[in-house]
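In order, the protein sequence lines correspond to chains Y and U.
Take the first sequence: its letter number 107 is residue 110 in our numbering, and every next letter is one higher.
Take the second sequence: its letter number 49 is residue 52 in our numbering, and every next letter is one higher.
Cβ atoms here follow ideal geometry from the backbone N, Cα and C, with glycine treated the same way.
Let me begin by presenting the structure, written as structure tokens, before commenting on it.
Protein chains: 2
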Amino acid sequence: MTTANSQARGRSTRQRTAVSSLLDEVEDFRSAQDLHDLLKQRGESVGLTTVYRTLQALADAGEVDVLRTQDGEAVYRRCSQGHHHHLVCRACGRTVEVEGPAVERWAGRIASEHGFTDVSHELEIFGTCGPCTLAARG
Amino acid sequence: MTTANSQARGRSTRQRTAVSSLLDEVEDFRSAQDLHDLLKQRGESVGLTTVYRTLQALADAGEVDVLRTQDGEAVYRRCSQGHHHHLVCRACGRTVEVEGPAVERWAGRIASEHGFTDVSHELEIFGTCGPCTLAARG
DNA sequence: ACGCAATTGACAATCATTGTCATCTGAGTT
DNA sequence: AACTCAGATGACAATGATTGTCAATTGCGT
Ligand SMILES: [Zn+2]
Ligand SMILES: [Zn+2]
Ligand SMILES: [Zn+2]
Ligand SMILES: [Zn+2]
Numbered sequence: 004m005t006t007a008n009s010q011a012r013g014r015s016t017r018q019r020t021a022v023s024s025l026l027d028e029v030e031d032f033r034s035a036q037d038l039h040d041l042l043k044q045r046g047e048s049v050g051l052t053t054v055y056r057t058l059q060a061l062a063d064a065g066e067v068d069v070l071r072t073q074d075g076e077a078v079y080r081r082c083s084q085g086h087h088h089h090l091v092c093r094a095c096g097r098t099v100e101v102e103g104p105a106v107e108r109w110a111g112r113i114a115s116e117h118g119f120t121d122v123s124h125e126l127e128i129f130g131t132c133g134p135c136t137l138a139a140r141g
Numbered sequence: 004m005t006t007a008n009s010q011a012r013g014r015s016t017r018q019r020t021a022v023s024s025l026l027d028e029v030e031d032f033r034s035a036q037d038l039h040d041l042l043k044q045r046g047e048s049v050g051l052t053t054v055y056r057t058l059q060a061l062a063d064a065g066e067v068d069v070l071r072t073q074d075g076e077a078v079y080r081r082c083s084q085g086h087h088h089h090l091v092c093r094a095c096g097r098t099v100e101v102e103g104p105a106v107e108r109w110a111g112r113i114a115s116e117h118g119f120t121d122v123s124h125e126l127e128i129f130g131t132c133g134p135c136t137l138a139a140r141g
């Protein structure tokens, strides 16, 4: 019989461990390619295809958040579990998780008022963080 | 001298007119490829490259809104001028423009609380519209 | 140690988007 | 109306992220 606790997470491999623990250390949103390069630098080389698949699996499992940069590239970040949004610095990528219960309610109400079902939403706030604001002033 | 009123909009060509007036008629978010196909159907054929360039110009001029589908494809729609958000059907693209003054205030407050400046935000609500919900039930 | 299904990764394939560049054309000028 | 030429077009190639393929590898239960 299977050891019951590994919640449909598949086998434990060197590659998955490497990707997962890298995500624990990096705190900004990063592309699959970025993460792949970082792994190579650290000598924990993992095939690019595997990086993509692992990230996808983690995203499906809700363990990482995915969003898209302005040019459509997917970027990943390990976030806290519950539903939340992001305040992201355009200059350096610094990210703060934020919550807005009122926004959640508002979105749900708007959607149902218009007869939409199976509702979800995406909300990101972009700006220039304190340090970057200072840096930009010289 | 130039006729002064054409606000840096470039020349008036058959192709640009075709794309622009197509956008007036279509009310959902559509990809460049979709719009290109629609034009072909209508006998107003326009090169795909030109469709892309025209959409980009319109987007830069703030005359169309752009957002990305879940798989990263850019979709375009002629919207009203002011700041607003969208309620979009995942299945058919049907779109409703929505406003949320409270959300605007919330986003600004959150950002300044964290020392961010030059703030903007993106907010889209996704769901299945009434007709598509019915269709999905058979 | 054994056996096999899950996993990996080099490589090819896909697909939206952008770059190239020879050709065409809008719109002033004569 | 004919002339000019910078801006515009479009067929085609190139890019770049992501996904598909499949033979070789490996985790893990036996
Ligand atoms: Zn910053
Ligand atoms: Zn939310
Ligand atoms: Zn619909
Ligand atoms: Zn807003």
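- With respect to residue 98/U, residue 30/U sits close: the two C-beta atoms are nearer than 9 Å.
- Think of a sphere of 7 Å around the beta carbon of residue 120/U: the chain Y residues whose beta carbon falls inside it are 130, 131, 136, in chain order.
- At a C-beta separation below 7 Å, residue 99/Y has these neighbours in chain U: 117.
- Apart from the 5 residues on each side of it in sequence, residue 39/U sits with its Cβ closer than 6 Å to the Cβ of 51, 54 in its chain, given in chain order.
- Rounded to the nearest angstrom, the Cβ distance from residue 67/Y to residue 80/Y is 6 Å, consistent with a contact under 8 Å.
- The bridge partners DSSP lists for residue 129/Y are 91/Y, 123/U.
- DSSP, reduced to helix, strand and coil, places residue 139/Y outside both helices and strands of the structure shown, so it counts as coil.
- Residues of chain U with a Cβ closer than 7 Å to the Cβ of residue 71/Y are, in chain order, 71, 75.
- Residue 124/U belongs to the set of residues whose beta carbon lies under 9 Å from a beta carbon in chain Y.
- The three-state secondary structure of residue 17/U, taken from DSSP, is helix.
- With respect to residue 118/Y, residue 120/U sits apart: the two C-beta atoms are not nearer than 9 Å.
- In this structure the region 121-135 of chain Y does not lie against the region 18-36 of chain U, because fewer than three pairs of beta carbons, one per stretch, are closer than 8 Å.
- Here residue 32/U is near residue 89/U, since their CB atoms are less than 9 Å apart.
- Of the other Cβ atoms in all chains shown, fewer than 16 fall within 10 Å of the Cβ of residue 95/Y; this residue is therefore exposed.
- Within chain U, the residues 124, 125 have their CB atoms less than 7 Å from the CB of residue 127/Y, given in chain order.
- Residues of the region 42-70 of chain U with a C-beta less than 8 Å from any C-beta of chain Y: none at all.
- Apart from the 5 residues on each side of it in sequence, residue 26/Y sits with its Cβ closer than 8 Å to the Cβ of 38, 61, 67, 79, 80, 81 in its chain, given in chain order.
- Between residue 34/Y and the set 133/Y, 69/Y, 64/Y, 48/Y, the nearest pair of CA atoms involves 69/Y.
- Think of a sphere of 8 Å around the beta carbon of residue 92/Y: the chain U residues whose beta carbon falls inside it are 119, in chain order.
- Its chain contains 122 as the residues whose beta carbon lies nearer than 8 Å to that of residue 111/U, once the 5 sequence neighbours on both sides are disregarded; these appear in chain order.
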